[in-house]
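Have a look at the structure below before the remarks.
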Amino acid sequence: EEEKKRKEEEMKSHLADFMNMIEKETAEQKKKDEEEAEKKRKAEEEQRKKEEEEKARLKQQKAAKKKLRMKKSKWRIATDKATGKEYYWNKDSGCVTWEKPAELKEIEDGDGEEKSAAADGSQKRTSSSKQNRRSSPSDSRSPERRRRRNKRSRSRSRDRGRRRNRSRRRRR
């Protein structure tokens, strides 16, 4: 019986040693796995951070290019004081429109079509409808604006009359 107990004790100690050894190995493996997972997570986080920084840098460059193209563009964005809506006006021709002109749409899209058009020597023109030539509603109602408009139309009429009279005199 003592022999049995001793063997049983030995088996228990061997079993305990074996279990301790397995626990050590699994603990070491678990620790290694955790370290690898942590390294992988940090690497992924750094990669994600680099990608975000790159996106932010590209976005900033794109915004700077867009701003530069907007400065070179003849069109300006303004806000109507009466309605608070944005409208677009061409500083060279004086055309005003509520719809975004094609040139500004290209700038926003960043298609680069304007570059190819400039290389060809051709430029797109916007339609010259009455709406494009009309100023914002609040501007068209202002007395000063009406006076300027009337003065222009009177001088044009006067010029037309003078031209007609000259041509009649030459015929005689």
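If you're matching positions, the sequence shown starts at 1 in the UniProt record's numbering and goes up one per residue.
Here a beta-carbon is modelled for each residue, glycine too, at the ideal position from N, C-alpha and C.
Since we're looking at a predicted model, the values are computed, not measured.
Less than 7 Å between the CB of Lys31 and some heavy atom of the ligand COA, yes or no? Only the bare structure without any ligand can be found here, which leaves the ligand COA out of the picture.
Do the stretch 51–70 and the stretch 93–108 touch if we need at least three Cβ pairs shorter than 8 Å? yes
Locate the beta strand (DSSP E) running through Ala102, then write down its first and last residues. That residue, Ala102, is in no beta strand (DSSP E); its alpha helix (DSSP H) goes Ala102 to Asp109.
Going by the DSSP bridge assignment, what does Thr79 pair with across the sheet? Glu86
Anticipated Cβ contact below 8 Å, Glu75 with Glu46, distance rounded: Here residue 75 turns out to be Trp, not Glu, going by the sequence shown. Rounded, the Cβ-Cβ distance is 43 Å, inconsistent with contact.
Can you tell me the Cα-Cα spacing of Cys95 and Ile77, whole angstroms? Using only the alpha carbons, I get a separation of about 12 Å.
Measure the C-alpha to C-alpha separation of Thr26 and Glu35 and round it to an integer number of angstroms. 14 Å
Would you decide whether Thr79 is buried or exposed? Buried here means 16 or more other CB atoms lie within 10 Å of its CB. exposed
Buried or exposed for Thr83, please, with buried defined as at least 16 other CB atoms from any protein chain shown within 10 angstroms of its CB. exposed
Paired residues, beta bridge with Thr97 - DSSP: Tyr88
Under 8 Å between the Cβ atoms of Pro101 and Tyr88? yes
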